[in-house]
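In this note's numbering, the protein residues as written are 37 to 519. Here's the structure, in C-alpha cells; my notes come after.
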Amino acid sequence: MAPAAPATPDNDGAARRRRLRIGQPRSLQSRQLWAASVGLVAFLALAGYALDRSFQTTAQSGMRERLHSYALAYANSDFARDGSVIPPYDPPDPRFKRPGSGLYAQIVLPSGRWESDSAQGPRLPPGAMLGARQQVFEGPLPLTQINGEAGEVYRYGYGLIFSGTDDALREFPYTVYILEDTTALRRQVAAFRSALWLNLGGAGVVLLLLQMLVLRWSLRPLRDVISELKRVQGGGASGMSEAHPRELEPLTESINAFIDSERENLDRQRNTLADLAHSLKTPLAVLRSRLDSGSGEQELREEVDTQLRRMNDMVGYQLARAARSGHQLFAAPIEVEPHAEQIVTGLEKVYAAKRVLCEFEIAPQARFHGETGDLQELLGNLLENAFKWAKSRVLLTVAEGETAPNRRPGLLIRVEDDGPGIAEDRIAHVLQRGVRGDERVQGHGIGLAIVQDIVRSYRGELQVTRSQELGGAKFEIVLPPGL
Numbered sequence: 037m038a039p040a041a042p043a044t045p046d047n048d049g050a051a052r053r054r055r056l057r058i059g060q061p062r063s064l065q066s067r068q069l070w071a072a073s074v075g076l077v078a079f080l081a082l083a084g085y086a087l088d089r090s091f092q093t094t095a096q097s098g099m100r101e102r103l104h105s106y107a108l109a110y111a112n113s114d115f116a117r118d119g120s121v122i123p124p125y126d127p128p129d130p131r132f133k134r135p136g137s138g139l140y141a142q143i144v145l146p147s148g149r150w151e152s153d154s155a156q157g158p159r160l161p162p163g164a165m166l167g168a169r170q171q172v173f174e175g176p177l178p179l180t181q182i183n184g185e186a187g188e189v190y191r192y193g194y195g196l197i198f199s200g201t202d203d204a205l206r207e208f209p210y211t212v213y214i215l216e217d218t219t220a221l222r223r224q225v226a227a228f229r230s231a232l233w234l235n236l237g238g239a240g241v242v243l244l245l246l247q248m249l250v251l252r253w254s255l256r257p258l259r260d261v262i263s264e265l266k267r268v269q270g271g272g273a274s275g276m277s278e279a280h281p282r283e284l285e286p287l288t289e290s291i292n293a294f295i296d297s298e299r300e301n302l303d304r305q306r307n308t309l310a311d312l313a314h315s316l317k318t319p320l321a322v323l324r325s326r327l328d329s330g331s332g333e334q335e336l337r338e339e340v341d342t343q344l345r346r347m348n349d350m351v352g353y354q355l356a357r358a359a360r361s362g363h364q365l366f367a368a369p370i371e372v373e374p375h376a377e378q379i380v381t382g383l384e385k386v387y388a389a390k391r392v393l394c395e396f397e398i399a400p401q402a403r404f405h406g407e408t409g410d411l412q413e414l415l416g417n418l419l420e421n422a423f424k425w426a427k428s429r430v431l432l433t434v435a436e437g438e439t440a441p442n443r444r445p446g447l448l449i450r451v452e453d454d455g456p457g458i459a460e461d462r463i464a465h466v467l468q469r470g471v472r473g474d475e476r477v478q479g480h481g482i483g484l485a486i487v488q489d490i491v492r493s494y495r496g497e498l499q500v501t502r503s504q505e506l507g508g509a510k511f512e513i514v515l516p517p518g519l
C-alpha cells in the first residue's frame with residue numbers, strides 16, 4: 037500500500053473549507069424556504085391542535101346541554117306511595133327504551149335507584165346523591181357493555197328534592213343521571229379530525245408552493261446582482277447598474293465604489309511608475325553622457341553623488357505621493373483634535389519667533405474617515421502654510437459636513453490666517469504643483485498641490501477665499517458623506 041501523502045497547507049485549507057460547508061445551507065433561498073416551511077408547519081400544527089380542542093369542547097358542551105334537557109324530562113317523574121319511580125310514559129328519546137342503546141337514565145334515591153330499560157345488560161357506574169340544584173358533568177367513565185366489552189360514557193347529574201302532597205310521601209332528595217356512550221362523540225371527533233388535517237395538509241402544500249414562488253420572485257434582485265457581478269468580472273460591464281431595489285442600493289453602491297477605488301489605485305500605480313521612470317530618465321542620461329565623455333574620476337564622483345541624491349529624492353517623493361493619493365474605502369473614524377495638537381506643537385517651535393497664536397474650533401463629534409497619513413498631510417500642509425503667512429493668528433475649524441441616509445457624515449476643515457491673503461486671480465496659479473505664492477519665501481510649492489490631490493481622491497472640494505474674520509487667506513475643505 038502506498039504511503040499517505042503528507043499534509044500540506046493547501047490540503048489543510050481545502051479540507052477545512054469542505055468541513056465548513058457541511059451542514060450549511062447552499063443558498064439564501066434554501067435557508068428562507070426551510071425557515072418558512074418549519075414556521076408554516078408549526079403554525080398549521082398549532083392551528084389544527086387548537087381547532088381540534090375547540091371542536092371537542094364544543095361537542096362536549098353540546099352533549100352536556102342535550103343530557104341536561106333529558107335530565108329535566110326525568111326530573112318530572114312521579115313517585116309511588118312506596119317511593120318507587122314512575123318514569124314518563126314517553127321518554128324524551130326512544131333509545132331510553134332499547135337495551136344497550138348507549139343512552140341511559142338513572143335516578144338515585146335514598147333507598148335505592150331506578151334505571152331506564154336501555155340499562156338492561158350494561159353495568160352503569162354508580163352515582164352519588166347530589167345536593168339540591170347541584171349539577172355535574174363527568175366523563176369519560178368506564179362502562180361494561182352487554183357483550184362484556186369495556187366502554188366509556190359521559191354522565192350528567194342533576195340534584196333535586198321531591199315534596200309530596202300525600203302524608204305517605206314525605207319530602208326526600210333524589211338525583212337524576214343521564215349517561216351517553218362516547219361512541220357517537222368519538223365518531224364525530226374522528227370525522228372532524230380527518231377533514232381538518234386533510235384540509236390543513238392541502239392548504240399547507242398550496243402555501244408551500246406559493247411560498248417557493250414568492251421566494252424566487254423576492255430573491256430575483258439578488259440573482260440579478262450576481263449576474264451583473266459575473267459580467268463585471270468577465271469584463272462585459274464596467275460596474276453595477278442603478279436598477280436595483282432600495283434595500284440593495286447600499287450594496288451596489290459599495291461595490292461600484294470599490295471598483296472605482298481599485299481602478300483609481302491601478303491608474304495611480306501606473307501613473308506613479310510612469311512619472312518615476314520619466315523622472316529617472318534625465319539623471320540616468322546625465323550619468324551616461326559623463327561616462328561616455330571620459331570625465332575625470334573626481335568630477336565623475338561628484339556628478340554621480342549629485343545625481344544619486346536627486347534620484348533618491350525623486351523616488352522618495354513619488355512613493356510618498358503614491359501613498360498619499362489613495363484612501364481606505366471603509367476606514368475607521370479618526371479623531372481630528374489629537375493630530376491637530378501634535379502638528380501645531382511642532383509648528384509653534386519652528387515659527388517661535390513670530391509668536392503665532394493658533395485657535396481651535398473643533399466639534400467633538402467630527403471624525404475623519406480615511407487614512408491617518410492623509411489627515412496629517414491635509415492638516416500639516418494647510419497649517420504650515422497658515423503659520424508661514426500669518427502675522428499673529430491662525431484659526432482651525434473642524435465640523436461635521438452634510439449627512440445622508442445610511443452614509444457616514446461628511447467633514448468640513450477650515451484654516452484661516454491674518455496674513456496678506458491670496459488674490460482671487462492667483463488662486464488657480466498657486467494651487468499648481470511647484471508654484472510658490474512668493475518666490476522670496478522658502479519652499480517647494482507642492483504643499484497645496486498635495487492637499488488638492490488628496491481632497492480629490494476623497495471626492496471632496498478645496499475652496500480658497502479671503503477670511504472674513506481674520507482678513508487673510510481661508511482654505512476650506514469639504515468632504516462629502518461617505519459609504
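Beta carbons are placed, not taken as given, at the ideal position from N, Cα and C, and that holds for glycine.
Next on the checklist: Using a 10 Å radius around the Cβ and a threshold of 16 neighbouring Cβ atoms, would you call A38 buried or exposed?
Outcome noted: Confidence at A38 is low in this model, with a pLDDT of 47, below 50, so the placement of that residue should be treated as unreliable; the coordinate-derived value is given next. Answer is exposed; the Cβ neighbour count stays below 16.
Item to check | Contacting residues, own chain, Cβ-Cβ under 8 Å from L411 (five flanking each side not counted) | outcome: Here the set comprises I370, V372, H375, F404.
Item to check | Burial state of Q488 (16 or more Cβ within 10 Å) | outcome: That one is buried.
Item to check | K510 burial status per 10 Å Cβ neighbour count (16 or more: buried) | outcome: Classification of K510: buried, given that the 10 Å Cβ count is 16 or more.
Next on the checklist: I need the boundaries of the alpha helix (DSSP H) containing A435, first residue and last residue.
Outcome noted: In the DSSP assignment, A435 falls outside any alpha helix (DSSP H) and lies within the beta strand (DSSP E) extending over 429-436.
Checklist entry - Quick one: any contact between the segment 245-259 and the segment 211-226, if contact means 3 or more CB pairs under 8 Å? => result Because the criterion of three Cβ pairs below 8 Å is not met, the segment 245-259 and the segment 211-226 do not touch.
Item to check | Proximal residues to E452 (C-beta, below 6 Å), its chain only, five neighbours per side dropped | outcome: Result list for E452: L431, S503, L506, K510, in chain order.
Checklist entry - Terminal residues of the continuous beta strand (DSSP E) containing A220? => result Here A220 belongs to no beta strand (DSSP E); instead the alpha helix (DSSP H) covers 219-254.
Next on the checklist: Please report the distance separating the alpha-carbon of G84 from that of L232.
Outcome noted: Taking the straight line from one Cα to the other gives about 7 Å.
Checklist entry - For the candidate residues L336, Y494, I262, whose alpha-carbon lies nearest to that of A367? => result Ranking L336, Y494, I262 by Cα distance to A367 puts Y494 first.
Next on the checklist: Let me check one thing: in DSSP terms, what residues is W425 bridge-paired to?
Outcome noted: Partner residues in a beta bridge of W425, as assigned by DSSP, do not exist.
Item to check | Residue closest to I262, alpha-carbon to alpha-carbon, out of I398, L284, Y125 | outcome: Nearest C-alpha to I262: L284.
Item to check | Under 8 Å between C-beta atoms of I379 and L414 | outcome: No. Outside cutoff.
Checklist entry - Of all the alpha helix (DSSP H) runs that stay within the bounds of the segment 58-126, which reach a length of 4 or more residues? => result Within the segment 58-126, complete alpha helix (DSSP H) segments of at least 4 residues are found at 64-111, given in chain order.
Next on the checklist: Tell me whether the segment 156-173 and the segment 187-194 touch, counting them as touching only if at least three CB pairs, one residue from each stretch, are closer than 8 Å.
Outcome noted: The segment 156-173 and the segment 187-194 touch, with no fewer than 3 CB-CB distances between them shorter than 8 Å.
Checklist entry - With a Cβ-Cβ cutoff of 8 Å, do L76 and L258 count as a contact? => result The answer is no: Cβ separation not under 8 Å.
Checklist entry - Based on the DSSP secondary-structure assignment, which residues constitute the bridge partners of G455? => result Paired residue(s): none; G455 is not in a bridge.
Item to check | 8 Å contact criterion, which M276 and P319 should meet: CB distance rounded | outcome: No, M276 and P319 are not in contact; Cβ-Cβ is about 45 Å, not under 8 Å.
Checklist entry - Between G382, I490, K385, T342, which lies nearest to E407 when the distance is taken from Cα to Cα? => result Taking the Cα of E407 as reference, the smallest distance to any Cα among G382, I490, K385, T342 is reached at I490.
Next on the checklist: Determine whether the beta carbon atoms of Q305 and L323 lie at a separation below 8 Å.
Outcome noted: No.
Checklist entry - Leaving out the 5 sequence neighbours to the left and right, which residues in its chain are closer than 6 Å to E512 when beta-carbon positions are compared? => result Excluding residues within five positions, the ones whose Cβ falls inside 6 Å are R450, Q499.
Item to check | Where the alpha helix (DSSP H) through Q378 begins and ends | outcome: For Q378, the uninterrupted alpha helix (DSSP H) segment begins and ends at 373-386.
Item to check | N112 to P178 span [Cα, whole Å] | outcome: Between N112 and P178, the C-alpha separation is close to 28 Å.
Next on the checklist: Relative to the C-alpha of Q156, which candidate in A141, A464, L166 has its C-alpha closest?
Outcome noted: It is A141 whose Cα lies nearest to the Cα of Q156.
Next on the checklist: Please classify K424 as buried or exposed, where buried requires at least 16 other C-beta atoms within 10 Å of its C-beta.
Outcome noted: Label assigned to K424: buried.
Checklist entry - Does the beta-carbon of R429 have 16 or more other beta-carbons within 10 angstroms, so that it is buried, or is it exposed? => result Under this definition R429 is a buried residue.
Checklist entry - Taking just the CA atoms, how far does L82 sit from D114? => result Looking at the two C-alpha atoms, the distance is approximately 51 Å.
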